[in-house]
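Structure, as structure tokens:
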Amino acid sequence: MSPTKLTDLTIAEARDGLRAKSFSVQELAKAHLDAIETAAALNAYVLPTPERALEMAKASDARLGKGEGGALEGIPLGIKDLFCTKDVRTTACSHILGEFTPTYESTVSANLWAEGAVMLGKLNNDEFAMGSSNETSFFGPAINPWRREGSDAKLVPGGSSGGSSSAVAAHLCMGATATDTGGSIRQPAAITGTVGIKPTYGRCSRWGIVAFASSLDQAGPITRTVRDAAIMLKNMSSYDPKDTTSADVPVPDFEAAVGQGVKGLTIGIPKEYRVPGMAPEVEALWQQGIAWLKDAGAEIKEVSLPHTKYALPAYYIVAPAEASSNLARYDGVRYGLREPCADVTSMYENTREAGFGAEVKRRILIGTYVLSAGYYDAYYLKAQKVRTLIKQDFDQAFEGVDAILTPTTPGPAFAIGEKSGDPLDMYLNDIFTVTVNMAGLPGISVPAGSSSECTPLGLQLIGRAFDEETLFRAGQVIEDAAGPSAKPADWWSEAK
198 MSPTKLTDLT
208 IAEARDGLRA
218 KSFSVQELAK
228 AHLDAIETAA
238 ALNAYVLPTP
248 ERALEMAKAS
258 DARLGKGEGG
268 ALEGIPLGIK
278 DLFCTKDVRT
288 TACSHILGEF
298 TPTYESTVSA
308 NLWAEGAVML
318 GKLNNDEFAM
328 GSSNETSFFG
338 PAINPWRREG
348 SDAKLVPGGS
358 SGGSSSAVAA
368 HLCMGATATD
378 TGGSIRQPAA
388 ITGTVGIKPT
398 YGRCSRWGIV
408 AFASSLDQAG
418 PITRTVRDAA
428 IMLKNMSSYD
438 PKDTTSADVP
448 VPDFEAAVGQ
458 GVKGLTIGIP
468 KEYRVPGMAP
478 EVEALWQQGI
488 AWLKDAGAEI
498 KEVSLPHTKY
508 ALPAYYIVAP
518 AEASSNLARY
528 DGVRYGLREP
538 CADVTSMYEN
548 TREAGFGAEV
558 KRRILIGTYV
568 LSAGYYDAYY
578 LKAQKVRTLI
588 KQDFDQAFEG
598 VDAILTPTTP
608 GPAFAIGEKS
618 GDPLDMYLND
628 IFTVTVNMAG
638 LPGISVPAGS
648 SSECTPLGLQ
658 LIGRAFDEET
668 LFRAGQVIED
678 AAGPSAKPAD
688 WWSEAK
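Its first residue numbered 198, the sequence shown is counted upward by one per residue in our numbering.
In structure tokens, the structure reads:
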């Protein structure tokens with residue numbers, strides 16, 4: 198089988214092929230490493246780890262040769278640079294972490310290696326996961342492998358997990374870890390034609406993941422199919438006593454839910470998600486998704502989520518507040534960048550000034566302000582109350598429906614530099630996704646069609662807490678109706 202063909206396999210297909218000994222893990226890893234080498238123009242990887250990948254692949258082949266092996270034995274994956282990886286540089290794509298090399302492994306990545314997965318390298322992301330376009334990374338933006346028809350303008354791959362979505366869409370890995378604080382798995386998945394699921398808060402351990410906003414952050418996978426997302430999430434999830442927010446609940450066999458269909462399910466359509474400025478093609482796609490689910494046997498019901506309009510402003514108080522607290526630890530004393538100065542105070546100031554990018558500084562300043570004396574009650578406390586109301590909206594809606602269908606993004610991928618000068622316009626990219634984080638619920642984005650520019654668009658399904666299985670059921674119906682996702686034309690290897 199040619200290397201090109203090997204990189205086109207899904208996780209499920211590769212798993213079966215390896216078990217059948219149709220090819221070796223080393224051949225599979227080499228095919229992906231070769232693809233990464235020719236795709237420097239995408240800037241999806243900030244640190245490929247070819248030696249480690251081949252070493253892990255060799256060990257996987259040995260286990261498979263003995264008839265052993267885990268659920269992900271030999272599957273080559275990319276790891277977002279927010280996940281600490283033992284003895285491999287982890288920077289959260291920020292200058293302030295310098296060449297920080299952890300002496301420990303994040304729980305999520307440790308779970309993947311325990312099941313035999315192979316690490317191809319660390320993937321690009323917005324600095325400290327703060328961004329919706331991957332333009333805030335210290336290593337420069339990752340590039341979307343898709344292009345507008347008739348244009349060679351470089352498009353954003355979404356954020357903050359832009360390297361993950363770009364690498365999966367360009368077939369530079371079979372799946373990738375990602376994190377979602379306000380839409381950072383689902384939004385990049387939607388605009389790169391990939392599948393991304395943010396599981397319920399607490400489903401995956403946050404231990405060993407560089408923190409942005411602790412009450413919102415959650416890990417999840419980006420893959421090319423719904424089945425692959427189910428396979429990866431099963432193996433990423435676990436109860437972890439090292440994470441006090443980790444939920445001690447059983448992890449179902451998510452893959453078993455794929456293909457069960459939606460007959461007998463009721464799908465909610467929130468009237469508040471028809472927002473001003475939403476592209477007509479997004480509305481049309483939403484209607485198409487409703488029709489697909491109805492045709493598959495689901496009942497459609499309008500629901501109301503009245504506090505939706507307050508979600509974005511509340512999110513942009515809660516998230517920066519938690520970020521300002523979490524990022525206080527980066528002071529130049531213990532690890533990472535240190536700017537030499539005459540005294541400790543100057544060292545703190547100069548290190549943070551040199552180490553953080555503009556967007557991170559903006560959010561630290563906002564967060565510090567809303568937590569300060571005299572403003573805490575007016576902003577942070579009020580935002581937390583709004584968060585409770587958003588959660589109550591969903592609780593009431595889920596009394597009558599099994600899942601909720603919405604668009605994932607207000608429009609298709611935009612060009613690099615097109616929105617970065619306007620933070621408010623950039624923040625609006627999260628308008629359909631932040632409610633899910635504020636309520637701690639699971640949400641999945643599934644490729645569902647194309648924009649008028651011939652770039653991908655996705656639909657989002659939101660589920661009850663710890664009911665990711667229903668999302669996989671409904672997500673598979675949308676995937677089947679939309680047809681196989683197209684592969685972007687390979688322009689990047691010519692740009693080598």
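All C-beta atoms, glycine included, are put in the ideal place defined by N, C-alpha and C.
Owing to the predicted nature of the structure, the values given are computational and were not obtained by experimental measurement.
I'd like the span of the beta strand (DSSP E) that includes residue i, first residue to last.
{"i": "Asp377", "result": "Gly372 to Asp377"}
{"i": "Gly275", "result": "Pro273 to Lys277"}
{"i": "Pro247", "result": "No beta strand (DSSP E) contains Pro247, which is instead part of the alpha helix (DSSP H) from Pro247 to Gly262."}
Tell me whether residue i sits in a helix, a strand or coil according to DSSP, three-state version.
{"i": "Gln415", "result": "strand"}
{"i": "Ile233", "result": "helix"}
{"i": "Ile394", "result": "strand"}
{"i": "Thr201", "result": "Here the model assigns Thr201 a pLDDT of 49, short of 50, so the residue's position is not dependable, and the following value carries that caveat. DSSP places Thr201 in helix when its eight states are reduced to three."}
{"i": "Phe591", "result": "helix"}
{"i": "Ile208", "result": "helix"}
{"i": "Tyr242", "result": "strand"}
{"i": "Thr667", "result": "helix"}
{"i": "Ile406", "result": "strand"}
{"i": "Ala454", "result": "helix"}
{"i": "Arg471", "result": "coil"}
{"i": "Ser690", "result": "helix"}
{"i": "Lys616", "result": "coil"}
{"i": "Glu270", "result": "coil"}
{"i": "Asp437", "result": "coil"}
{"i": "Pro385", "result": "helix"}
{"i": "Ala488", "result": "helix"}
{"i": "Ala166", "result": "The question about residue 166 has no answer here: the residues shown for the chain are numbered 198 through 693."}
{"i": "Ala226", "result": "helix"}
{"i": "Gly380", "result": "coil"}
{"i": "Asp213", "result": "helix"}
{"i": "Thr442", "result": "coil"}
{"i": "Pro707", "result": "Any property of residue 707 remains undetermined from this structure, which presents the chain solely from 198 to 693."}
{"i": "Gly676", "result": "For clarity, residue 676 is Glu in the given sequence; the question names Gly instead. If DSSP states are grouped into helix, strand and coil, Glu676 belongs with the helices."}
{"i": "Lys746", "result": "No statement about residue 746 is possible, as the shown extent of the chain runs from 198 to 693 and does not include it."}
{"i": "Val365", "result": "helix"}
{"i": "Lys218", "result": "coil"}
Taking only heavy atoms of the ligand GDP into account, decide whether any of them is closer than 6 Å to the Cβ of residue i.
{"i": "Pro537", "result": "Looking at this structure, you won't find the ligand GDP or any other ligand, since it has none at all."}
In this structure, what does DSSP give as the bridge partners for residue i?
{"i": "Ala426", "result": "Paired residues: none, contrary to the question."}
{"i": "Glu496", "result": "Thr463"}
{"i": "Val285", "result": "Thr282"}
{"i": "Thr420", "result": "Gly372 and Val392"}
{"i": "Ala610", "result": "For Ala610, which the question treats as bridged, DSSP gives no partner whatsoever."}
So is residue i in contact with chain B if we call contact Cβ pairs under 7 Å?
{"i": "Leu568", "result": "Absent from the structure: chain B. Only one protein chain is present."}
Determine the extent of the alpha helix (DSSP H) in which residue i is found, giving its start and end residues.
{"i": "Leu369", "result": "Neither: Leu369 is in no alpha helix (DSSP H) and is coded neither H nor E."}
{"i": "Ser601", "result": "The question names Ser, but residue 601 is Ile in the sequence shown. Per DSSP, Ile601 belongs to no alpha helix (DSSP H); it is in the beta strand (DSSP E), Ala600 to Pro604."}
{"i": "Arg400", "result": "Per DSSP, Arg400 belongs to no alpha helix (DSSP H) and is neither H nor E."}
{"i": "Pro620", "result": "Pro620 to Tyr624"}
Which parts of the segment 626-661 are runs of the alpha helix (DSSP H), unbroken and 4 residues or longer, counting only runs that do not cross its ends?
-> Correct list: 631-636.
With a cut-off of 8 Å, do at least 3 Cβ pairs link the segment 493-501 to the segment 624-632?
-> The segment 493-501 makes no contact with the segment 624-632, as fewer than three CB pairs between them are under 8 Å.
Continuous alpha helix (DSSP H) assignments of at least 4 residues falling wholly in the segment 287-363 | Here the runs fully enclosed are 304-311.
In the segment 501-575, which residue ranges form an unbroken alpha helix (DSSP H) of at least 4 residues, counting only runs that do not cross its ends?
-> As far as the segment 501-575 is concerned, its whole alpha helix (DSSP H) runs of at least 4 residues are 508-523, 541-552 and 555-568.
Is there contact between the segment 302-312 and the segment 336-346, where contact requires at least three CB pairs shorter than 8 Å?
-> In short, these stretches do not touch, since the Cβ pair count stays below three.
Quick one: any contact between the segment 417-434 and the segment 458-469, if contact means 3 or more CB pairs under 8 Å?
-> Contact between the segment 417-434 and the segment 458-469 is absent, because fewer than three Cβ pairs lie under 8 Å.
Specify whether the segment 589-602 and the segment 656-668 touch according to this definition: at least 3 beta carbon pairs, one from each stretch, less than 8 Å apart.
-> With three or more CB-CB distances shorter than 8 Å, the segment 589-602 counts as touching the segment 656-668.
Count the CB pairs spanning the segment 385-393 and the segment 640-650 that are closer than 8 Å, and state whether there are at least three.
-> By the Cβ criterion, the segment 385-393 is in contact with the segment 640-650, since at least three pairs of Cβ atoms, one from each stretch, lie closer than 8 Å.
At a cut of 8 Å, does the segment 430-442 reach the segment 565-575 through at least three beta carbon pairs?
-> Under the three-pair Cβ rule at 8 Å, the segment 430-442 does not count as touching the segment 565-575.
With a cut-off of 8 Å, do at least 3 Cβ pairs link the segment 501-511 to the segment 627-640?
-> Taking 8 Å as the limit for Cβ pairs, the verdict is that the segment 627-640 does touch the segment 501-511.
Decide yes or no for the touch test of the segment 485-494 against the segment 532-552: beta carbon pairs closer than 8 Å, at least 3 of them.
-> Fewer than three Cβ pairs drawn from the segment 485-494 and the segment 532-552 lie within less than 8 Å of each other, which leaves the two stretches out of contact.
Touch check for the segment 319-333 and the segment 271-288: three-plus C-beta pairs under 8 Å?
-> Flag = yes, the segment 319-333 and the segment 271-288 touch.
If you pair each beta-carbon of the segment 608-620 with each one of the segment 646-665, do three or more pairs fall below 8 Å?
-> Cβ pair count under 8 Å is three or more, so yes.
Segment contact flag, the segment 548-564 with the segment 360-380, C-beta cutoff 8 Å, min 3 pairs = With a cut-off of 8 Å, the segment 360-380 and the segment 548-564 do not count as touching, because too few Cβ pairs lie within range.
For the 8 Å Cβ check, are there 3 or more pairs between the segment 266-274 and the segment 217-230?
-> In short, these stretches touch, since the Cβ pair count reaches three.
Are the segment 398-409 and the segment 438-449 in contact at 8 Å, needing three or more beta carbon pairs?
-> Cβ pair count under 8 Å is three or more, so yes.
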